[in-house]
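To start, the structure under review is shown below, and the notes come after it.
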Amino acid sequence: MILCSAYLSWKNDPIDVISLDRVKKMIDIKLNRKPFAIYISKKKAQQVVECGASTIRKIGTESGDHIVL
Numbered sequence: 001m002i003l004c005s006a007y008l009s010w011k012n013d014p015i016d017v018i019s020l021d022r023v024k025k026m027i028d029i030k031l032n033r034k035p036f037a038i039y040i041s042k043k044k045a046q047q048v049v050e051c052g053a054s055t056i057r058k059i060g061t062e063s064g065d066h067i068v069l
């Protein structure tokens, strides 16, 4: 699998974007981002998760946390 640090969202509403490494640790979080924008992760990610805007603040997670999909 090729790791990357750029991601393009096609959603119409603002979103939170979570970049995950191979063990599903959150390596970067972008909050309340505009639709149709490109996001650059601090580190190369293996997976990206989109959430509704403000979801990350509501659940109280942060970079370094692990996520179960």
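Using the working numbering, you'd call the opening residue of the sequence shown number 1 and step up by one each time.
Here a beta-carbon is modelled for each residue, glycine too, at the ideal position from N, C-alpha and C.
Return yes when the Cβ of D16 is within less than 8 Å of the Cβ of A53, no when it is not.
Along the sequence shown, read from residue 1 onward, the residue named residue 53 stands at position 53. Along the sequence shown, read from residue 1 onward, the residue named residue 16 stands at position 16. For A53 and D16, yes; Cβs fall inside 8 Å.
If you reduce the DSSP assignment to three classes, tell me which class P14 lands in.
In the sequence shown, residue 14 corresponds to position 14, counting from 1. In this structure, P14 counts as coil in the three-state DSSP scheme.
DSSP has E50 in a bridge; who is on the other side?
Here residue 50 corresponds to residue number 50 of the sequence shown, with the count starting at 1. DSSP, once it has assigned bridges, lists V17 as partnering E50.
Local Cβ density within 10 Å of S63, reported as buried at 16 or more and exposed below that:
Residue mapping note: residue 63 aligns to position 63 of the sequence shown, counting from 1. When all chains shown are included, S63 counts as exposed.
Assuming I67 contacts K24 (C-beta within less than 8 Å), just tell me the rounded distance between them.
For this step, residue 67 is matched to residue 67 along the sequence shown. For this step, residue 24 is matched to residue 24 along the sequence shown. With a Cβ gap of about 5 Å, I67 and K24 count as contacting.
Quick check on DSSP: helix, strand or coil for D57?
In the sequence shown, residue 57 corresponds to position 57, counting from 1. It should be pointed out that residue 57 corresponds to Arg in this sequence rather than to Asp. Residue state, collapsed to three classes: helix.
Around the Cβ of I18, are there at least 16 other Cβ atoms within 10 angstroms (buried) or fewer (exposed)?
Working through the sequence shown from its first residue, we reach residue 18 at position 18. It counts as buried.
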